[in-house]
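Engineer: What follows is a structure written as structure tokens; I'll ask about it next.
Residue numbers (my numbering): 23 to 273.
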């Protein structure tokens with residue numbers, strides 16, 4: 023049976039790369055987007071061009087109250103498009119960056135990061151547990167910034183640290199269902215994260231490149247295939263791990 027993956031924030035950046043990589047590995051994809059339906063539909067079209075099934079659904083990963091409605095929409099989509107009651111893989115990727123020093127971080131910024139990156143991951147996974155097939159996979163996105171510090175990312179790194187702890191607990195509690203749960207921690211990547219901070223700021227790009235053993239910052243396609251590979255049977259015994267994909271950042 024073809025595996026179905028749900029990739030949150032799958033219309034751009036790392037999520038899009040993961041979605042396309044999953045399709046290249048023979049999987050079907052349901053991706054979510056917050057506001058850019060055009061980007062989401064472009065990703066869907068590319069996946070369909072590979073001969074795989076794909077659907078885009080709207081989701082605000084920071085609004086827990088909307089998750090039951092999203093689950094109903096997802097359940098209906100699975101029945102209509104795949105004639106199934108469950109999907110196999112959940113990639114909790116949706117997120118954003120807010121660059122601010124500790125002394126300058128507002129409560130609004132802090133709450134936004136918690137709501138999307140931690141509370142959203144916790145309660146979306148909780149809501150979707152009845153729809154995840156036994157022997158499925160969950161991949162949570164973390165960050166290399168939980169291992170090394172860079173001024174301005176304290177709140178972001180802190181919530182990603184919480185996600186890493188949550189990953190271990192998910193693996194423990196869901197193991198009896200055969201569900202493996204891992205965290206992937208990218209290093210600095212050229213995306214629109216944080217307003218394109220690494221991609222569009224040559225000075226910061228160079229700073230991270232100089233910190234990286236492979237002498238450059240990453241690209242989305244350096245990470246997406248790694249996420250896809252974790253879903254394969256070849257990696258069925260990898261569980262409760264934090265896997266850094268950073269090119270050797272700050273080693």
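The C-beta atom is built at its ideal place from N, Cα and C for all residues, glycine as well.
Quick caveat, the model's predicted, so the values are computed rather than measured.
According to DSSP, simplified to helix, strand and coil, what is residue 160?
Structural biologist: In the structure shown, residue 160 sits in a strand (DSSP, three-state: E or B).
Engineer: Kindly confirm or deny that the segment 119-126 and the segment 52-70 touch, where touching means at least three C-beta pairs closer than 8 angstroms.
Structural biologist: Touching, no, given that fewer than three Cβ pairs across the two stretches are closer than 8 angstroms.
Engineer: For residue 50, which of helix, strand or coil comes out of DSSP?
Structural biologist: Looking at residue 50 - three-state DSSP - the assignment turns out to be strand.
Engineer: Mark residue 113 as exposed unless 16 or more other C-beta atoms lie within 10 angstroms of its C-beta, in which case mark it buried.
Structural biologist: The residue is buried, with at least 16 neighbouring Cβ atoms inside 10 Å.
Engineer: In terms of residue numbering, what span does the alpha helix (DSSP H) encompassing residue 179 cover?
Structural biologist: Per DSSP, residue 179 belongs to the alpha helix (DSSP H) from 176-196.
Engineer: Hey, could you find the ends of the alpha helix (DSSP H) residue 150 is sitting in?
Structural biologist: It spans 142-150 - the alpha helix (DSSP H) in which residue 150 sits, taken as one unbroken run.
Engineer: Look at the alpha carbon of residue 42 and the alpha carbon of residue 246, and state the distance between them as a whole number of angstroms.
Structural biologist: C-alpha separation (whole angstroms): 8 angstroms.
Engineer: Excluding sequence positions up to five away, which residues of its chain have a Cβ less than 6 angstroms from the Cβ of residue 13?
Structural biologist: Because residue 13 is not part of the residues shown, which for the chain are 23 to 273, the question remains open.
Engineer: Taking Cβ to Cβ, would you say residue 159 is nearer than 8 angstroms to residue 226?
Structural biologist: Taking 8 angstroms as the Cβ cut-off, residue 159 and residue 226 do not qualify as a contacting pair.
Engineer: Rounding to the nearest angstrom, what Cα-Cα distance links residue 230 and residue 223 in this structure?
Structural biologist: If you take the alpha carbons of residue 230 and residue 223, they lie about 11 angstroms apart.
Engineer: Thinking C-alpha only, which one of 177, 199, 205, 179 is nearest residue 190?
Structural biologist: The candidate whose alpha carbon is nearest that of residue 190 is 205.
Engineer: Rounded to the nearest angstrom, what separates residue 169 and residue 210 at their Cα positions?
Structural biologist: Answer to the nearest angstrom: the Cα atoms are 13 angstroms apart.
Engineer: Go ahead and pull the three-state DSSP assignment for residue 101.
Structural biologist: Helix at residue 101.
Engineer: For residue 173, which residues from the same chain have a beta carbon less than 8 angstroms from its beta carbon, with the 5 sequence-adjacent residues on both sides left out?
Structural biologist: Closer than 8 angstroms at Cβ, skipping near neighbours: 123.
Engineer: For residue 262 and residue 193, I'd like the C-alpha separation in whole angstroms.
Structural biologist: Going by the C-alpha atoms only, they are around 5 angstroms apart.
Engineer: Starting from residue 110 and walking both ways along the beta strand (DSSP E), at which residues does that stretch end?
Structural biologist: Per DSSP, residue 110 belongs to the beta strand (DSSP E) from 109-114.
Engineer: List the DSSP bridge partners of residue 86.
Structural biologist: Note: residue 86 sits in no beta bridge, so no partner.
Engineer: Does DSSP put residue 203 in a helix, in a strand, or in coil?
Structural biologist: Here residue 203 sits in strand by DSSP.
Engineer: So, for residue 47: in the same chain, excluding its five sequence neighbours on each side, which residues have a beta-carbon less than 6 angstroms away from its beta-carbon?
Structural biologist: Same-chain partners within the cutoff: 250.
Engineer: For my contact list, residue 283 and residue 109 are in at a C-beta cut-off of 8 angstroms; report their separation, rounded to the angstrom.
Structural biologist: There is no way to answer for residue 283, as the model of the chain reaches only from 23 to 273.
Engineer: Who are the Cβ neighbours of residue 188 in its own chain at under 8 angstroms, not counting the five residues just before and after it?
Structural biologist: Hits under 8 angstroms: 140, 143, 144, 162.
Engineer: Compare the beta carbon distance of residue 27 and residue 74 with 8 angstroms and say whether it is the shorter of the two.
Structural biologist: In this structure, residue 74 does not lie closer than 8 angstroms to residue 27 by Cβ.
Engineer: What do you get for residue 273, buried or exposed, if any count of 16 or more other CB atoms within 10 angstroms of its CB means buried?
Structural biologist: Residue 273 comes out exposed.
Engineer: Where in the segment 201-257 do unbroken runs of the beta strand (DSSP E), each at least 3 residues long, occur, reported from the N-terminal end onward?
Structural biologist: Complete beta strand (DSSP E) runs here, min 3: 202-208.
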